[in-house]
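What follows is a single structure, written as structure tokens, with notes after it.
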């Protein structure tokens, strides 16, 4: 049943009725945009609902429910706060489906209603029952219930509902119009799609995406299809890394998916500026740990070719003719196409990786092959879109006779294509190919974490960690001539290592902290929305973030020294307060301003325990001075964001006391930068650190990419108090020479 003004045509209904016409037992009511602006529309909708229910009953079906294909029919009225859909459910005595947002009709027979705001979507209303949220799509596709909640994304990522599934994007950068572009990705009836960001938003970390996907259900992982939007996320390296991190296969399209206008789908690779470039023959690839990618879905065939089977095209016969037996097939492979005689295997062409910057056409022809090659090859190349021919590489297998290879070379010149003789070498699965132009020193972790026992001057054996006697530092805290900077001793019960905070702890903290909290005020939204225990815990966090006798800098200095008594109740309440804040999974930065003692203080493979709370910044701060000690770039798993309670504007995160870190790599200082130390936070429950060199390399790559972004972006400004809190040589404390000698054996 539809409602329109007399001067409007039925076409103005935007296809809502066509989408829902196939739903048995559903009485559908839709209205044109013009009709919705008529003051009498509520009365018209009531009449239309009654008539629609009668039509369903007259057709011999039981009425399941009424669907109001009307925008915002589930929203409270601005006047009296009543929900129109709930009123209809009470009046009609049947269920009513309605949405509180706008509606988009999808070709697969579904209406999408959703946004990035919580609670938006379709609701079911029943007489005497509260409204029930049923999802963003109606009728729901088979994968609707597999979608993860949008609040599980961490690591600087956000999830936004779109008709095809979800869009994952960086929380700190969402280009205007990016969500609208993602909503243009067509819906797959059998797979939810996960659109990966937008080119203008910068790089999306494979590690952060893996952290989010690990929290999703196995059923979602089995069916989800990733949709890359730039050169990075469409590359074989990025997707192979994601599969390796997850330890399971992932399916990814080769570009942004769109309709081809003829009922099919194509993938279009987008460049760094978000502009479309070319259409790969492979629509989607499956990447599995330790294996080459395989084609799982193909695009429509080139002009003049037909689909032969799921991964092969065959040249179309002339009009009126019948296809002859034998001949040539174009096999869709990850890198592009392989032209083969019927019955021949693609060989190494199947293993060539997908490259988002070019398309490879491989020709395989054994010497004894008597079927003409050049005609089908020209037909295949002519049938490709111009955008594909402009970035084409022609490769002949070693089996192609030399004379024929010369003909193919000449043909490559005609098309302006690159030519290669012999199938190119395939890089090992999981290997990392670094772009040229970036010079750096990478110090990787030793194979074994066992310390050398042969004395300070002995060279460590293969796989052994180094025992170092560090130079005498000159920092104010280390001025004793017999002191050195060493890894902090690990305590079996590090302060703050437990999240337990008792009522007695809170009582003692309130009594003790009175004189320190005179100038501390909780934000109004925190005060009004939390319990008394939570307010006390948040007060401890604010005391840490402030300035004064027991500010963060003072507390951390006390925890890092062996002769200062630390109020245990303060540590307990602060730890409890931090656990109430959202976690930060991703990259953080901090600087050590004093260079004394740092020349050899960090070495790849070291596992360090930080006895104090550790503050860091979610974004890179101003450039480090030439005489700075080091810049530390850390992958955080459990640090807590303080934006909800922090009076300072910059994005500060705090690790709990006793956190452990592993040094992944160290870059020595250069003329342009200080020493750079790359670390990863270790799980608190991990006793022995397993050797995972592949994961370590992935983490180093992610941290380096974040550092490059930070150098390009505008730096954030820290307050003086933040600069003090973030100036800690993580895991290193001053210890006397006698302790050093004893530690060295």
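In this note's numbering, the protein residues as written are 728 to 1472.
From the three backbone atoms N, C-alpha and C, an ideal C-beta is built for every residue, glycine too.
Outcome for residue 1113 when other beta-carbon atoms lying within 10 angstroms are tallied against a minimum of 16: Classification of residue 1113: exposed, given that the 10 Å Cβ count is below 16.
In DSSP terms, what residue 794 is bridged to: As computed with DSSP, residue 794 is found in a beta bridge with 755 and 824.
When the Cα atoms are used, what is the spatial distance from residue 689 to residue 1433? The shown model of the chain, from 728 to 1472, leaves out residue 689, and the question about it has no answer.
So which of 1039, 803, 998 and 966 has the shortest CA-CA distance to residue 1012? Ranking the options by Cα distance to residue 1012, first place goes to 966.
Excluding sequence positions up to five away, which residues of its chain have a Cβ less than 6 Å from the Cβ of residue 1365? So the list reads 1310, once near-sequence residues are dropped.
Three-way DSSP call (helix, strand, coil) for residue 961 in this model: Correct three-state label for residue 961: helix.
Taking the continuous beta strand (DSSP E) assigned at residue 1233, which residues delimit it? From DSSP, residue 1233 is part of no beta strand (DSSP E) but of the alpha helix (DSSP H) over 1230–1240.
Look up residue 885 in the DSSP assignment and give the residues it is bridged to. Looking at the DSSP assignment, residue 885 forms a beta bridge with 896.
Can you tell me where the alpha helix (DSSP H) holding residue 1296 begins and where it ends? Run containing residue 1296: 1295–1306, per the alpha helix (DSSP H) assignment.
For the beta strand (DSSP E) containing residue 1081, list its first residue and its last residue. It is not in any beta strand (DSSP E) - residue 1081 carries neither H nor E in the DSSP assignment.
Any heavy atom of the ligand NAP closer than 7 Å to the CB of residue 1127? By its list of ligands, the structure shown contains no ligand whatsoever, and the ligand NAP lies outside what it can speak to.
With distance defined between alpha-carbon atoms, name the residue in 817, 1001 and 1107 nearest to residue 1043. Closest in alpha carbon position to residue 1043, among 817, 1001 and 1107, is 1107.
Per DSSP, which residues does residue 1344 bridge with? Please list them. Note: residue 1344 sits in a beta bridge opposite 1316 and 1379.
Could you give the DSSP three-state label for residue 1020: helix, strand or coil? Correct three-state label for residue 1020: coil.
Just to confirm, are residue 983 and residue 895 a CB contact at a threshold of 8 Å? In this structure, residue 895 does not lie closer than 8 Å to residue 983 by Cβ.
Below 8 Å, how does it come out for the stretch 1426–1446 and the stretch 1389–1399: are there three or more Cβ pairs, yes or no? Verdict: yes, contact present.
Under 8 Å Cβ to Cβ from residue 1440, same chain only, skipping five residues before and after it: list those, please. When the five nearest sequence neighbours on each side are left out, the beta carbons in the same chain lying within less than 8 Å of the beta carbon of residue 1440 are those of 1346 and 1347, in order along the chain.
Under the assumption that residue 1019 contacts residue 1078 (Cβ atoms under 8 Å), give the Cβ distance between them as a whole number of angstroms. The beta-carbon distance between residue 1019 and residue 1078, rounded to whole angstroms, is 5 Å. This is short enough to meet the 8 Å contact definition.
If you count every other CB in all the chains shown that lies within 10 Å of the CB of residue 1438, and 16 or more means buried, which is it? The residue in question, residue 1438, is exposed, as its Cβ has fewer than 16 Cβ neighbours within 10 Å.
Suppose the cutoff is 8 Å on Cβ atoms and the five residues either side in sequence are ignored; what does the same chain contact list for residue 944 look like? Annotation for residue 944: 873 and 875 place their beta carbon closer than 8 Å to its own, counting only its chain and skipping 5 residues before and after.
Are residue 859 and residue 850 touching if we call contact CB-CB under 8 Å? In terms of Cβ geometry, residue 859 and residue 850 form a close pair [threshold 8 Å].
Nearest to residue 1369 by CA position, among 1401, 1307, 1399 and 1422, is which residue? If we check each option's Cα against that of residue 1369, 1307 comes out closest.
Would you mind reading off the limits of the alpha helix (DSSP H) that contains residue 931? It is not in any alpha helix (DSSP H) - residue 931 carries neither H nor E in the DSSP assignment.
So, with DSSP's three-state summary, where would you put residue 926? DSSP places residue 926 within a helical segment (H, G or I) once states are collapsed to three.
What span of residues does the beta strand (DSSP E) with residue 1042 cover, start to end? Per DSSP, residue 1042 belongs to the beta strand (DSSP E) from 1039–1042.
Residues in its own chain within less than 8 Å of residue 804 by CB, not counting five upstream and five downstream? Excluding sequence positions up to five before and after residue 804, its CB lies within less than 8 Å of the CB of 810 and 811, all in the same chain and listed in chain order.
Quick one, are the C-beta atoms of residue 1426 and residue 1407 less than 8 Å apart? Contact flag set, yes.
So, does the stretch 1056–1069 touch the stretch 1079–1093, judging by three or more C-beta pairs under 8 Å? Segments in contact, yes.
Close beta carbons around residue 948, own chain, < 7 Å, minus the five adjacent residues each side: When the five nearest sequence neighbours on each side are left out, the beta carbons in the same chain lying within less than 7 Å of the beta carbon of residue 948 are those of 940 and 975, in order along the chain.
Residues in the same chain with beta-carbon distance under 7 Å from residue 1168, minus the five sequence neighbours each way, listed in chain order, please. Caution is warranted here: a pLDDT of 31 is assigned to residue 1168, below 50, making its placement in the model unreliable, and the coordinate value is therefore given only provisionally. Non-local C-beta neighbours of residue 1168 in its own chain, meaning closer than 7 Å and more than five positions away in sequence, comprise 1394 and 1395, ordered along the chain.
For the stretch 1082–1132, list the alpha helix (DSSP H) runs that are entirely contained and at least 4 residues long, ordered along the chain. Taking only runs of at least 4 residues, the alpha helix (DSSP H) segments lying wholly in the stretch 1082–1132 are 1101–1110 and 1113–1116.
Compute the distance between the beta-carbons of residue 1022 and residue 1038, then report whether it is under 8 Å. By the CB criterion at 8 Å, residue 1022 and residue 1038 fall inside the cutoff.
Residue 1451 classed as buried or exposed, judged by whether at least 16 other C-beta atoms fall within 10 angstroms: By the neighbour-count rule (16 or more Cβ atoms within 10 Å), residue 1451 is buried.
Assumed close pair residue 923, residue 1214 - CB separation to whole angstroms, cut-off 8 Å: About 39 Å separates the two Cβ atoms, so there is no contact after all.
Out of 1115, 1036 and 1144, which has the shortest C-alpha to C-alpha gap to residue 1008? Nearest option by C-alpha distance: 1115.
Given that a residue counts as buried once 16 or more other Cβ atoms are within 10 Å of its Cβ, and exposed if not, what is residue 1291? With a threshold of 16 other beta carbon atoms within 10 Å, residue 1291 falls short and is exposed.
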